[in-house]
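Notes follow once the structure below has been shown.
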Amino acid sequence: MKYISIFFLILLCSCSLIRVKNADVVIKSYRDMPNVFHAMIASKGISILLKEFARSNLYKLHVPTQPLKDSNKNIEPYIHEIYDFNFTLIGYTNLQLKERIGSIDYEAKLTTKGFAVLCSLWIVCLLVVQLRFYYHNHTLSYWYAQGKKQIVLLANDSLYVLFERINSLFIKLEDSRIGKHFLLIFFSLIAFYIFLYIDDIVIREGGAYLGSNDSGDMQWYPSVQLFGLHGMDTSLNPFVETLQGNHFLGNKANYAHLLYVLMYPFAVFEYDNAKILYAIVNNLCILVVFYFLYREMRFRKIPFVYFAIVAVTFFASQTYAMAIFRGNIPLILALFIILSFVYRHNTFICGIALSIVGVKYTFGIPLMLGFFFARFYKPVVFAISIHVLVVAVFANYFHLGFLESLFLPVMVGKEHASSMVIDFLSLAKHTFGGLNGKNPFLYVILCCLIAWIYVILRIKPSQNRIILSSLILSFCLFQHHIYDYTVVICLLFIGMFALRKMEFFILLLYCFYILLYMDAYFYIVSHFFALCYASLLYFCALYILISGNQKELSCYPNKSLL
1 MKYISIFFLI LLCSCSLIRV KNADVVIKSY RDMPNVFHAM IASKGISILL
51 KEFARSNLYK LHVPTQPLKD SNKNIEPYIH EIYDFNFTLI GYTNLQLKER
101 IGSIDYEAKL TTKGFAVLCS LWIVCLLVVQ LRFYYHNHTL SYWYAQGKKQ
151 IVLLANDSLY VLFERINSLF IKLEDSRIGK HFLLIFFSLI AFYIFLYIDD
201 IVIREGGAYL GSNDSGDMQW YPSVQLFGLH GMDTSLNPFV ETLQGNHFLG
251 NKANYAHLLY VLMYPFAVFE YDNAKILYAI VNNLCILVVF YFLYREMRFR
301 KIPFVYFAIV AVTFFASQTY AMAIFRGNIP LILALFIILS FVYRHNTFIC
351 GIALSIVGVK YTFGIPLMLG FFFARFYKPV VFAISIHVLV VAVFANYFHL
401 GFLESLFLPV MVGKEHASSM VIDFLSLAKH TFGGLNGKNP FLYVILCCLI
451 AWIYVILRIK PSQNRIILSS LILSFCLFQH HIYDYTVVIC LLFIGMFALR
501 KMEFFILLLY CFYILLYMDA YFYIVSHFFA LCYASLLYFC ALYILISGNQ
551 KELSCYPNKS LL
(Lines of atoms letter the chains of each structure in order from A and count residues from 1; the text may use other names and numbers.)
(Lines give C-alpha, C1' and ligand atoms only; values in the text may rest on other atoms or scores of the structure.)
Protein backbone atom coordinates (compact mmCIF):
# COMPACT_ATOMS: atom_id res chain seq x y z
CA MET A 1 0.00 0.00 0.00
CA LYS A 2 2.80 2.42 0.77
CA TYR A 3 4.03 2.27 -2.83
CA ILE A 4 0.55 3.16 -4.08
CA SER A 5 0.41 6.17 -1.75
CA ILE A 6 3.92 7.29 -2.71
CA PHE A 7 3.01 7.03 -6.40
CA PHE A 8 -0.15 9.10 -6.03
CA LEU A 9 1.59 11.70 -3.86
CA ILE A 10 4.25 12.19 -6.53
CA LEU A 11 1.54 12.27 -9.20
CA LEU A 12 -0.47 14.92 -7.32
CA CYS A 13 2.57 17.11 -6.69
CA SER A 14 3.69 16.94 -10.31
CA CYS A 15 0.22 17.45 -11.80
CA SER A 16 -1.13 20.22 -9.52
CA LEU A 17 0.46 23.00 -11.58
CA ILE A 18 1.94 22.54 -15.05
CA ARG A 19 3.76 25.43 -16.72
CA VAL A 20 4.34 25.24 -20.47
CA LYS A 21 7.00 27.46 -22.05
CA ASN A 22 7.11 28.72 -25.65
CA ALA A 23 3.88 27.13 -26.86
CA ASP A 24 3.21 27.90 -30.53
CA VAL A 25 0.35 30.28 -31.39
CA VAL A 26 -1.44 29.79 -34.72
CA ILE A 27 -4.27 31.50 -36.57
CA LYS A 28 -7.56 29.70 -36.00
CA SER A 29 -10.07 31.73 -38.04
CA TYR A 30 -11.03 35.21 -39.23
CA ARG A 31 -13.69 37.45 -37.75
CA ASP A 32 -16.15 39.63 -39.65
CA MET A 33 -14.24 42.73 -38.59
CA PRO A 34 -11.19 43.60 -40.72
CA ASN A 35 -7.72 42.84 -39.32
CA VAL A 36 -9.17 40.85 -36.40
CA PHE A 37 -8.21 37.19 -36.05
CA HIS A 38 -9.00 34.27 -33.78
CA ALA A 39 -5.76 32.70 -32.58
CA MET A 40 -5.14 29.63 -30.45
CA ILE A 41 -2.36 27.63 -28.88
CA ALA A 42 -1.30 24.92 -31.30
CA SER A 43 -2.50 21.39 -30.54
CA LYS A 44 0.70 19.46 -30.25
CA GLY A 45 2.70 17.82 -27.51
CA ILE A 46 1.39 18.22 -23.98
CA SER A 47 -1.04 20.93 -25.12
CA ILE A 48 -3.23 18.24 -26.72
CA LEU A 49 -3.72 16.48 -23.37
CA LEU A 50 -4.23 19.72 -21.44
CA LYS A 51 -6.89 20.85 -23.92
CA GLU A 52 -8.84 17.63 -23.44
CA PHE A 53 -8.50 17.79 -19.67
CA ALA A 54 -9.66 21.43 -19.72
CA ARG A 55 -12.77 20.47 -21.71
CA SER A 56 -13.58 17.92 -19.00
CA ASN A 57 -12.98 20.56 -16.29
CA LEU A 58 -10.09 18.55 -14.86
CA TYR A 59 -7.67 21.40 -15.49
CA LYS A 60 -8.04 25.17 -15.50
CA LEU A 61 -5.97 27.01 -18.11
CA HIS A 62 -4.42 30.42 -17.53
CA VAL A 63 -2.61 32.60 -20.05
CA PRO A 64 -1.16 35.66 -18.21
CA THR A 65 -0.69 39.03 -19.87
CA GLN A 66 2.56 38.86 -21.85
CA PRO A 67 4.18 39.90 -25.11
CA LEU A 68 3.91 37.59 -28.08
CA LYS A 69 7.36 36.01 -28.45
CA ASP A 70 9.24 35.13 -31.66
CA SER A 71 6.79 37.08 -33.78
CA ASN A 72 7.83 38.70 -37.03
CA LYS A 73 4.28 39.51 -38.06
CA ASN A 74 2.69 42.95 -38.02
CA ILE A 75 0.17 42.17 -35.29
CA GLU A 76 -0.74 43.32 -31.80
CA PRO A 77 2.32 42.57 -29.62
CA TYR A 78 0.51 41.66 -26.37
CA ILE A 79 -1.65 38.73 -25.32
CA HIS A 80 -4.02 39.86 -22.57
CA GLU A 81 -4.84 37.64 -19.60
CA ILE A 82 -7.29 34.89 -20.50
CA TYR A 83 -8.42 31.52 -19.16
CA ASP A 84 -8.72 29.71 -22.46
CA PHE A 85 -6.69 28.36 -25.35
CA ASN A 86 -8.43 30.72 -27.77
CA PHE A 87 -8.02 34.50 -27.95
CA THR A 88 -8.41 37.43 -30.31
CA LEU A 89 -5.61 39.37 -32.03
CA ILE A 90 -5.46 42.46 -34.21
CA GLY A 91 -3.19 42.24 -37.26
CA TYR A 92 -2.33 44.46 -40.19
CA THR A 93 -1.16 41.86 -42.69
CA ASN A 94 -2.80 38.98 -44.49
CA LEU A 95 -2.44 35.85 -42.38
CA GLN A 96 -3.16 32.29 -43.43
CA LEU A 97 -5.18 29.80 -41.40
CA LYS A 98 -3.01 27.66 -39.07
CA GLU A 99 -0.06 29.96 -39.73
CA ARG A 100 2.35 30.23 -36.78
CA ILE A 101 2.58 33.81 -35.53
CA GLY A 102 4.70 33.40 -32.38
CA SER A 103 4.80 31.67 -29.01
CA ILE A 104 3.62 32.30 -25.44
CA ASP A 105 3.84 30.76 -21.98
CA TYR A 106 0.81 29.41 -20.15
CA GLU A 107 -0.05 27.26 -17.16
CA ALA A 108 -2.62 24.60 -16.35
CA LYS A 109 -3.81 24.10 -12.78
CA LEU A 110 -5.57 21.02 -11.47
CA THR A 111 -9.20 21.77 -10.55
CA THR A 112 -11.09 20.38 -7.58
CA LYS A 113 -12.79 17.93 -9.95
CA GLY A 114 -9.43 16.75 -11.26
CA PHE A 115 -8.07 16.35 -7.74
CA ALA A 116 -11.21 14.43 -6.73
CA VAL A 117 -10.71 12.04 -9.67
CA LEU A 118 -7.09 11.35 -8.68
CA CYS A 119 -8.03 10.86 -5.01
CA SER A 120 -10.85 8.51 -6.04
CA LEU A 121 -8.39 6.42 -8.05
CA TRP A 122 -6.05 6.46 -5.05
CA ILE A 123 -8.81 5.19 -2.73
CA VAL A 124 -9.95 2.53 -5.21
CA CYS A 125 -6.40 1.18 -5.52
CA LEU A 126 -6.04 1.03 -1.73
CA LEU A 127 -9.38 -0.76 -1.36
CA VAL A 128 -8.46 -3.27 -4.06
CA VAL A 129 -5.23 -4.11 -2.21
CA GLN A 130 -7.12 -4.35 1.09
CA LEU A 131 -9.76 -6.66 -0.40
CA ARG A 132 -7.04 -8.76 -1.99
CA PHE A 133 -5.49 -9.14 1.46
CA TYR A 134 -8.80 -10.36 2.88
CA TYR A 135 -9.44 -12.57 -0.14
CA HIS A 136 -6.41 -14.75 0.75
CA ASN A 137 -7.98 -15.48 4.13
CA HIS A 138 -11.54 -16.22 2.96
CA THR A 139 -13.06 -17.91 -0.03
CA LEU A 140 -15.24 -16.18 -2.59
CA SER A 141 -18.29 -18.14 -1.44
CA TYR A 142 -17.74 -16.83 2.11
CA TRP A 143 -17.76 -13.23 0.89
CA TYR A 144 -20.89 -13.90 -1.17
CA ALA A 145 -22.72 -15.38 1.81
CA GLN A 146 -21.62 -12.55 4.12
CA GLY A 147 -22.64 -9.89 1.61
CA LYS A 148 -26.06 -11.44 1.13
CA LYS A 149 -26.54 -11.64 4.91
CA GLN A 150 -25.59 -7.96 5.40
CA ILE A 151 -27.97 -6.83 2.66
CA VAL A 152 -30.86 -8.68 4.35
CA LEU A 153 -29.95 -7.11 7.72
CA LEU A 154 -29.74 -3.61 6.24
CA ALA A 155 -33.20 -3.95 4.72
CA ASN A 156 -34.71 -4.72 8.13
CA ASP A 157 -32.67 -2.24 10.21
CA SER A 158 -34.10 0.97 11.62
CA LEU A 159 -32.49 4.29 10.77
CA TYR A 160 -30.80 4.45 14.18
CA VAL A 161 -29.34 0.95 13.81
CA LEU A 162 -28.16 1.86 10.31
CA PHE A 163 -26.27 4.86 11.68
CA GLU A 164 -24.74 2.67 14.38
CA ARG A 165 -23.55 0.22 11.73
CA ILE A 166 -22.01 3.02 9.68
CA ASN A 167 -20.33 4.40 12.80
CA SER A 168 -18.85 0.99 13.69
CA LEU A 169 -17.65 0.61 10.09
CA PHE A 170 -15.84 3.96 10.31
CA ILE A 171 -14.19 2.90 13.57
CA LYS A 172 -13.01 -0.40 12.06
CA LEU A 173 -11.75 1.41 8.98
CA GLU A 174 -9.81 3.88 11.12
CA ASP A 175 -8.14 1.07 13.06
CA SER A 176 -7.26 -0.99 9.97
CA ARG A 177 -3.96 -0.88 8.07
CA ILE A 178 -5.61 1.29 5.42
CA GLY A 179 -6.44 4.00 7.99
CA LYS A 180 -3.03 5.69 7.80
CA HIS A 181 -3.32 5.94 4.04
CA PHE A 182 -6.73 7.60 4.32
CA LEU A 183 -5.13 10.04 6.76
CA LEU A 184 -2.53 10.84 4.11
CA ILE A 185 -5.29 11.43 1.55
CA PHE A 186 -7.01 13.77 4.00
CA PHE A 187 -3.90 15.91 4.50
CA SER A 188 -3.30 15.92 0.74
CA LEU A 189 -6.81 17.28 0.20
CA ILE A 190 -6.36 20.06 2.74
CA ALA A 191 -2.95 21.02 1.32
CA PHE A 192 -4.37 21.05 -2.21
CA TYR A 193 -7.25 23.38 -1.36
CA ILE A 194 -4.97 25.77 0.50
CA PHE A 195 -2.54 25.81 -2.43
CA LEU A 196 -5.38 26.18 -4.96
CA TYR A 197 -6.90 29.30 -3.43
CA ILE A 198 -3.64 30.99 -2.42
CA ASP A 199 -2.32 30.45 -5.95
CA ASP A 200 -5.45 32.19 -7.32
CA ILE A 201 -4.42 35.50 -5.77
CA VAL A 202 -0.81 35.38 -6.96
CA ILE A 203 -0.04 37.84 -9.74
CA ARG A 204 2.18 36.22 -12.32
CA GLU A 205 5.01 38.06 -14.01
CA GLY A 206 3.36 40.39 -16.48
CA GLY A 207 0.09 40.59 -14.53
CA ALA A 208 -2.48 42.92 -16.03
CA TYR A 209 -2.42 45.50 -13.21
CA LEU A 210 -1.68 45.84 -9.53
CA GLY A 211 -4.23 43.85 -7.56
CA SER A 212 -5.70 42.20 -10.65
CA ASN A 213 -6.04 38.91 -8.79
CA ASP A 214 -8.17 40.48 -6.08
CA SER A 215 -7.70 40.27 -2.29
CA GLY A 216 -9.54 43.57 -2.60
CA ASP A 217 -11.12 43.45 0.86
CA MET A 218 -7.82 43.13 2.72
CA GLN A 219 -7.63 46.27 4.86
CA TRP A 220 -4.09 47.05 3.72
CA TYR A 221 -4.52 50.53 2.25
CA PRO A 222 -6.32 52.11 5.27
CA SER A 223 -3.45 50.92 7.47
CA VAL A 224 -0.94 52.36 4.99
CA GLN A 225 -2.80 55.69 5.19
CA LEU A 226 -2.94 55.61 8.99
CA PHE A 227 0.81 55.07 9.39
CA GLY A 228 1.86 57.14 6.35
CA LEU A 229 3.76 54.33 4.66
CA HIS A 230 5.03 53.78 1.09
CA GLY A 231 5.98 57.33 0.26
CA MET A 232 3.12 59.18 1.96
CA ASP A 233 4.22 62.48 3.48
CA THR A 234 1.98 62.24 6.53
CA SER A 235 -0.56 60.06 8.27
CA LEU A 236 -4.09 60.24 6.89
CA ASN A 237 -7.44 59.52 8.48
CA PRO A 238 -8.49 56.35 6.58
CA PHE A 239 -12.18 56.83 7.35
CA VAL A 240 -12.29 60.39 6.00
CA GLU A 241 -10.20 59.35 2.98
CA THR A 242 -12.63 56.53 2.18
CA LEU A 243 -15.61 58.88 2.43
CA GLN A 244 -13.83 61.20 -0.02
CA GLY A 245 -13.28 58.34 -2.47
CA ASN A 246 -9.58 57.80 -1.77
CA HIS A 247 -9.47 54.01 -1.42
CA PHE A 248 -7.72 51.11 -3.14
CA LEU A 249 -9.83 48.27 -4.59
CA GLY A 250 -12.22 47.16 -1.82
CA ASN A 251 -9.96 48.45 0.98
CA LYS A 252 -12.67 50.68 2.45
CA ALA A 253 -12.24 51.60 6.09
CA ASN A 254 -15.54 50.34 7.52
CA TYR A 255 -14.07 48.30 10.39
CA ALA A 256 -13.18 49.36 13.91
CA HIS A 257 -10.09 51.52 14.49
CA LEU A 258 -8.22 48.67 16.20
CA LEU A 259 -8.02 46.65 12.97
CA TYR A 260 -5.85 49.24 11.21
CA VAL A 261 -3.39 49.15 14.08
CA LEU A 262 -3.27 45.35 13.91
CA MET A 263 -2.76 45.47 10.13
CA TYR A 264 0.53 47.37 10.49
CA PRO A 265 2.76 44.26 10.00
CA PHE A 266 1.09 43.71 6.61
CA ALA A 267 1.05 47.40 5.67
CA VAL A 268 4.85 47.63 5.72
CA PHE A 269 4.97 45.25 2.72
CA GLU A 270 4.07 46.09 -0.85
CA TYR A 271 0.53 45.05 -1.73
CA ASP A 272 1.40 41.95 -3.77
CA ASN A 273 3.61 40.57 -1.00
CA ALA A 274 1.24 41.65 1.77
CA LYS A 275 -1.72 39.75 0.36
CA ILE A 276 0.26 36.50 0.07
CA LEU A 277 1.47 36.86 3.66
CA TYR A 278 -2.08 37.73 4.74
CA ALA A 279 -3.48 34.62 3.00
CA ILE A 280 -0.88 32.46 4.76
CA VAL A 281 -1.81 33.96 8.16
CA ASN A 282 -5.50 33.34 7.41
CA ASN A 283 -4.81 29.70 6.65
CA LEU A 284 -2.66 29.28 9.76
CA CYS A 285 -5.50 30.70 11.86
CA ILE A 286 -8.12 28.34 10.44
CA LEU A 287 -5.76 25.37 10.83
CA VAL A 288 -5.42 26.24 14.53
CA VAL A 289 -9.24 26.35 14.72
CA PHE A 290 -9.39 22.84 13.29
CA TYR A 291 -6.72 21.72 15.73
CA PHE A 292 -8.98 22.81 18.62
CA LEU A 293 -11.92 21.04 16.97
CA TYR A 294 -9.87 17.88 16.40
CA ARG A 295 -8.57 17.81 19.97
CA GLU A 296 -12.06 18.11 21.43
CA MET A 297 -13.56 15.49 19.09
CA ARG A 298 -10.80 13.00 19.84
CA PHE A 299 -11.23 13.50 23.57
CA ARG A 300 -14.92 12.73 23.14
CA LYS A 301 -13.94 9.58 21.20
CA ILE A 302 -15.60 10.73 17.99
CA PRO A 303 -14.08 8.82 15.02
CA PHE A 304 -11.54 10.81 13.03
CA VAL A 305 -13.49 10.23 9.83
CA TYR A 306 -16.21 12.64 11.02
CA PHE A 307 -13.63 15.32 11.64
CA ALA A 308 -12.14 14.64 8.20
CA ILE A 309 -15.55 15.00 6.52
CA VAL A 310 -16.15 18.35 8.23
CA ALA A 311 -12.65 19.62 7.40
CA VAL A 312 -12.71 18.60 3.73
CA THR A 313 -16.21 20.02 3.29
CA PHE A 314 -15.06 23.30 4.80
CA PHE A 315 -11.92 23.68 2.68
CA ALA A 316 -13.82 22.70 -0.49
CA SER A 317 -16.61 25.22 0.17
CA GLN A 318 -17.25 28.49 -1.63
CA THR A 319 -17.26 30.30 1.72
CA TYR A 320 -13.61 29.39 2.36
CA ALA A 321 -12.62 30.06 -1.26
CA MET A 322 -14.16 33.55 -1.15
CA ALA A 323 -12.57 34.33 2.22
CA ILE A 324 -9.11 33.68 0.75
CA PHE A 325 -9.81 35.21 -2.65
CA ARG A 326 -11.38 38.42 -1.32
CA GLY A 327 -8.84 38.79 1.48
CA ASN A 328 -11.40 39.38 4.20
CA ILE A 329 -10.92 38.72 7.91
CA PRO A 330 -13.44 36.02 9.05
CA LEU A 331 -10.86 33.20 9.17
CA ILE A 332 -8.80 35.21 11.65
CA LEU A 333 -11.95 36.11 13.59
CA ALA A 334 -12.90 32.42 13.75
CA LEU A 335 -9.69 31.70 15.65
CA PHE A 336 -10.29 34.48 18.16
CA ILE A 337 -13.92 33.44 18.65
CA ILE A 338 -12.63 29.98 19.55
CA LEU A 339 -9.94 31.45 21.83
CA SER A 340 -12.45 33.69 23.59
CA PHE A 341 -14.61 30.63 24.30
CA VAL A 342 -11.79 28.27 25.27
CA TYR A 343 -10.23 30.82 27.64
CA ARG A 344 -13.51 32.39 28.76
CA HIS A 345 -12.44 32.11 32.41
CA ASN A 346 -9.18 33.96 31.71
CA THR A 347 -9.95 37.69 31.74
CA PHE A 348 -6.80 38.75 29.89
CA ILE A 349 -6.83 36.24 27.01
CA CYS A 350 -10.60 36.30 26.59
CA GLY A 351 -10.66 40.10 26.67
CA ILE A 352 -7.98 40.43 23.99
CA ALA A 353 -9.71 37.82 21.82
CA LEU A 354 -13.08 39.58 22.15
CA SER A 355 -11.51 42.94 21.30
CA ILE A 356 -10.10 41.49 18.05
CA VAL A 357 -13.46 39.92 17.18
CA GLY A 358 -14.97 43.33 17.88
CA VAL A 359 -13.19 44.93 14.91
CA LYS A 360 -16.06 43.51 12.83
CA TYR A 361 -19.15 44.91 14.51
CA THR A 362 -21.55 42.35 13.06
CA PHE A 363 -19.76 39.61 15.00
CA GLY A 364 -18.27 41.58 17.87
CA ILE A 365 -21.41 43.24 19.25
CA PRO A 366 -23.57 40.06 19.46
CA LEU A 367 -20.70 37.99 20.85
CA MET A 368 -19.85 40.57 23.52
CA LEU A 369 -23.54 40.66 24.48
CA GLY A 370 -23.47 36.87 24.74
CA PHE A 371 -20.42 36.87 27.00
CA PHE A 372 -21.86 39.69 29.09
CA PHE A 373 -25.18 37.94 29.73
CA ALA A 374 -23.26 34.69 30.33
CA ARG A 375 -21.76 36.59 33.28
CA PHE A 376 -18.25 36.97 31.88
CA TYR A 377 -18.26 40.66 32.76
CA LYS A 378 -14.53 41.30 33.16
CA PRO A 379 -13.43 40.08 29.68
CA VAL A 380 -16.17 42.14 28.02
CA VAL A 381 -15.23 45.29 29.96
CA PHE A 382 -11.56 44.68 29.16
CA ALA A 383 -12.33 44.27 25.43
CA ILE A 384 -14.44 47.43 25.33
CA SER A 385 -11.72 49.33 27.20
CA ILE A 386 -9.18 48.40 24.50
CA HIS A 387 -11.46 49.80 21.79
CA VAL A 388 -12.20 52.94 23.80
CA LEU A 389 -8.47 53.56 24.30
CA VAL A 390 -7.70 53.12 20.58
CA VAL A 391 -10.56 55.42 19.56
CA ALA A 392 -9.44 58.04 22.09
CA VAL A 393 -5.85 58.00 20.80
CA PHE A 394 -7.13 58.14 17.21
CA ALA A 395 -9.41 61.10 18.00
CA ASN A 396 -6.62 62.97 19.77
CA TYR A 397 -4.14 62.39 16.92
CA PHE A 398 -6.51 63.63 14.21
CA HIS A 399 -8.04 66.38 16.40
CA LEU A 400 -11.56 64.94 16.41
CA GLY A 401 -14.20 64.57 19.06
CA PHE A 402 -14.44 61.14 20.69
CA LEU A 403 -18.00 60.46 19.50
CA GLU A 404 -17.21 61.76 16.02
CA SER A 405 -14.25 59.40 15.81
CA LEU A 406 -16.26 56.51 17.26
CA PHE A 407 -18.97 56.71 14.59
CA LEU A 408 -16.66 57.18 11.59
CA PRO A 409 -16.67 53.42 10.73
CA VAL A 410 -20.46 53.45 10.89
CA MET A 411 -20.62 56.37 8.45
CA VAL A 412 -18.29 54.57 6.04
CA GLY A 413 -20.27 51.36 6.41
CA LYS A 414 -23.51 53.16 5.66
CA GLU A 415 -22.05 54.50 2.41
CA HIS A 416 -19.92 51.58 1.23
CA ALA A 417 -20.78 48.33 3.06
CA SER A 418 -22.65 45.66 1.12
CA SER A 419 -23.86 42.16 1.95
CA MET A 420 -26.10 39.29 1.00
CA VAL A 421 -29.77 40.06 1.69
CA ILE A 422 -30.52 37.15 4.03
CA ASP A 423 -30.73 38.96 7.38
CA PHE A 424 -32.90 41.62 8.98
CA LEU A 425 -30.39 44.47 8.71
CA SER A 426 -29.82 43.85 5.00
CA LEU A 427 -33.59 43.71 4.49
CA ALA A 428 -33.82 47.06 6.26
CA LYS A 429 -31.22 48.57 3.90
CA HIS A 430 -32.97 47.30 0.75
CA THR A 431 -36.64 47.90 1.65
CA PHE A 432 -38.84 50.78 2.81
CA GLY A 433 -36.42 53.46 1.65
CA GLY A 434 -33.31 52.18 3.42
CA LEU A 435 -32.09 52.87 6.95
CA ASN A 436 -34.46 55.50 8.33
CA GLY A 437 -36.76 55.96 11.27
CA LYS A 438 -39.79 54.73 9.30
CA ASN A 439 -38.28 51.38 8.34
CA PRO A 440 -40.13 48.61 10.24
CA PHE A 441 -37.19 46.21 10.03
CA LEU A 442 -35.15 48.44 12.34
CA TYR A 443 -37.86 48.03 14.98
CA VAL A 444 -37.94 44.29 14.26
CA ILE A 445 -34.19 44.11 15.01
CA LEU A 446 -34.69 46.08 18.23
CA CYS A 447 -37.59 43.86 19.32
CA CYS A 448 -35.58 40.72 18.52
CA LEU A 449 -32.70 41.91 20.71
CA ILE A 450 -35.06 42.80 23.57
CA ALA A 451 -36.83 39.43 23.32
CA TRP A 452 -33.50 37.59 23.25
CA ILE A 453 -32.29 39.42 26.38
CA TYR A 454 -35.64 38.82 28.12
CA VAL A 455 -35.44 35.07 27.47
CA ILE A 456 -31.92 34.96 28.93
CA LEU A 457 -32.97 36.84 32.07
CA ARG A 458 -36.16 34.79 32.43
CA ILE A 459 -34.94 31.27 31.60
CA LYS A 460 -31.33 31.59 32.83
CA PRO A 461 -29.85 29.05 30.38
CA SER A 462 -26.31 27.71 30.59
CA GLN A 463 -23.42 30.02 29.75
CA ASN A 464 -22.42 27.93 26.75
CA ARG A 465 -25.90 28.12 25.27
CA ILE A 466 -25.99 31.90 25.65
CA ILE A 467 -22.67 32.28 23.80
CA LEU A 468 -23.76 29.89 21.03
CA SER A 469 -27.09 31.68 20.69
CA SER A 470 -25.38 35.07 20.43
CA LEU A 471 -23.27 33.84 17.52
CA ILE A 472 -26.36 32.55 15.71
CA LEU A 473 -28.03 35.89 16.47
CA SER A 474 -25.26 37.61 14.52
CA PHE A 475 -26.15 35.71 11.34
CA CYS A 476 -29.87 36.47 11.44
CA LEU A 477 -29.84 40.11 12.61
CA PHE A 478 -26.71 41.65 11.09
CA GLN A 479 -25.42 41.79 7.53
CA HIS A 480 -22.82 39.36 6.24
CA HIS A 481 -21.12 38.32 3.02
CA ILE A 482 -20.62 34.75 1.85
CA TYR A 483 -17.09 34.60 3.31
CA ASP A 484 -18.36 35.50 6.80
CA TYR A 485 -20.08 32.13 6.94
CA THR A 486 -16.72 30.44 7.47
CA VAL A 487 -17.46 31.22 11.12
CA VAL A 488 -20.03 28.37 11.14
CA ILE A 489 -17.10 26.16 12.14
CA CYS A 490 -17.19 28.01 15.49
CA LEU A 491 -20.85 27.03 15.85
CA LEU A 492 -19.85 23.38 15.66
CA PHE A 493 -17.11 23.79 18.23
CA ILE A 494 -19.24 25.66 20.77
CA GLY A 495 -22.20 23.41 19.98
CA MET A 496 -20.29 20.39 21.32
CA PHE A 497 -20.27 22.08 24.74
CA ALA A 498 -23.77 23.54 24.67
CA LEU A 499 -26.16 21.14 22.94
CA ARG A 500 -27.63 17.69 23.36
CA LYS A 501 -26.89 15.05 20.75
CA MET A 502 -29.98 15.57 18.57
CA GLU A 503 -29.66 19.37 18.79
CA PHE A 504 -26.01 19.12 17.81
CA PHE A 505 -26.94 16.88 14.86
CA ILE A 506 -29.40 19.52 13.59
CA LEU A 507 -26.73 22.21 13.97
CA LEU A 508 -24.33 19.97 12.04
CA LEU A 509 -26.86 19.66 9.19
CA TYR A 510 -27.21 23.45 9.06
CA CYS A 511 -23.43 23.90 8.87
CA PHE A 512 -23.20 21.34 6.06
CA TYR A 513 -26.01 23.15 4.23
CA ILE A 514 -24.06 26.42 4.43
CA LEU A 515 -20.75 24.89 3.38
CA LEU A 516 -22.20 22.85 0.52
CA TYR A 517 -24.82 25.18 -0.95
CA MET A 518 -23.90 28.77 -0.11
CA ASP A 519 -22.62 30.46 -3.26
CA ALA A 520 -23.22 33.58 -5.33
CA TYR A 521 -26.92 32.64 -5.69
CA PHE A 522 -27.51 33.80 -2.12
CA TYR A 523 -26.84 37.38 -3.27
CA ILE A 524 -29.96 37.37 -5.44
CA VAL A 525 -32.49 35.49 -3.30
CA SER A 526 -35.94 37.01 -2.91
CA HIS A 527 -36.81 39.17 0.07
CA PHE A 528 -39.42 36.60 1.11
CA PHE A 529 -36.79 33.84 1.24
CA ALA A 530 -34.48 36.15 3.19
CA LEU A 531 -37.23 36.96 5.68
CA CYS A 532 -38.07 33.26 6.18
CA TYR A 533 -34.40 32.29 6.54
CA ALA A 534 -33.59 35.06 9.03
CA SER A 535 -36.76 34.38 11.05
CA LEU A 536 -36.06 30.64 11.23
CA LEU A 537 -32.49 31.28 12.33
CA TYR A 538 -33.67 33.71 15.02
CA PHE A 539 -36.16 31.21 16.43
CA CYS A 540 -33.38 28.62 16.50
CA ALA A 541 -31.31 31.05 18.58
CA LEU A 542 -34.25 31.43 20.99
CA TYR A 543 -34.85 27.66 21.09
CA ILE A 544 -31.24 27.07 22.14
CA LEU A 545 -31.87 29.38 25.12
CA ILE A 546 -35.28 28.01 26.04
CA SER A 547 -34.40 24.30 25.84
CA GLY A 548 -31.31 24.61 28.03
CA ASN A 549 -30.79 24.92 31.75
CA GLN A 550 -28.05 26.33 33.90
CA LYS A 551 -26.50 22.97 34.85
CA GLU A 552 -26.12 21.63 31.31
CA LEU A 553 -22.50 21.91 30.18
CA SER A 554 -22.00 19.69 27.15
CA CYS A 555 -23.74 17.45 24.66
CA TYR A 556 -21.58 14.51 25.77
CA PRO A 557 -21.20 13.08 29.27
CA ASN A 558 -17.38 13.36 29.24
CA LYS A 559 -15.82 16.40 30.80
CA SER A 560 -14.23 18.65 28.22
CA LEU A 561 -10.49 18.55 27.69
CA LEU A 562 -10.55 22.34 27.54
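When the letters of the sequence shown are read in order and numbered with UniProt numbering, they come out as residues 1 to 562. Using N, Cα and C, we set each Cβ at its ideal position, and we do this for glycine too.
Ranking 457, 322, 182, 24 by CA distance to the CA of residue 279 puts 322 first.
Beyond the five residues adjoining it in sequence on each side, residue 519 comes within less than 8 angstroms, by CB distance, of 318, 482 in the same chain, given in chain order. Between the beta-carbon of residue 393 and that of residue 253 there is about 16 angstroms, and that puts the pair past the 8 angstroms contact cut. The alpha-carbon separation between residue 535 and residue 476 amounts to approximately 7 angstroms. Taken in chain order, the complete alpha helix (DSSP H) segments of 4 residues or longer contained in the region 406-483 are 408-416, 424-430, 440-459, 463-477.
Per DSSP, the continuous beta strand (DSSP E) segment holding residue 109 begins and ends at 100-110. Residue 62: member of the beta strand (DSSP E) spanning 59-62, first to last residue. Taking C-beta atoms as the reference points, residue 338 and residue 493 count as a pair closer than 9 angstroms. Rounded to whole angstroms, residue 363 and residue 471 show a C-alpha spacing of 7 angstroms. Taking a cut-off of 8 angstroms on C-beta distances, the region 38-45 does not touch the region 219-233, as fewer than three cross pairs fall below it.
Per DSSP, residue 313 is one residue of the alpha helix (DSSP H) stretching across 304-315. The criterion of a C-beta distance shorter than 9 angstroms is satisfied by residue 107 and residue 20.
Within the region 337-381, the complete alpha helix (DSSP H) runs of at least 4 residues fall at 347-357, 361-373. The shortest CA-to-CA distance from residue 334 to any of 6, 488, 508, 503 is the one to 488. Inter-segment contact for the region 398-405 and the region 523-531 is absent: fewer than three beta-carbon pairs are separated by less than 8 angstroms. Excluding its 5 nearest sequence neighbours in each direction, residue 113 has C-beta neighbours in its own chain below 7 angstroms: 57, 58, listed in chain order. According to DSSP, residue pairing for residue 41 in a beta bridge involves 25. The Cβ atoms of residue 235 and residue 227 sit closer than 9 angstroms to each other.
Annotation for residue 322: the continuous alpha helix (DSSP H) segment containing it runs 318-326. A direct Cα-Cα distance of roughly 19 angstroms separates residue 423 from residue 544. Excluding residues up to 5 positions away in sequence, 115 lie with their Cβ nearer than 6 angstroms to the Cβ of residue 192 in the same chain. Within the model, the alpha-carbon separation for residue 354 versus residue 383 is close to 6 angstroms.
In this structure, the alpha-carbon of residue 434 lies about 16 angstroms from that of residue 531.
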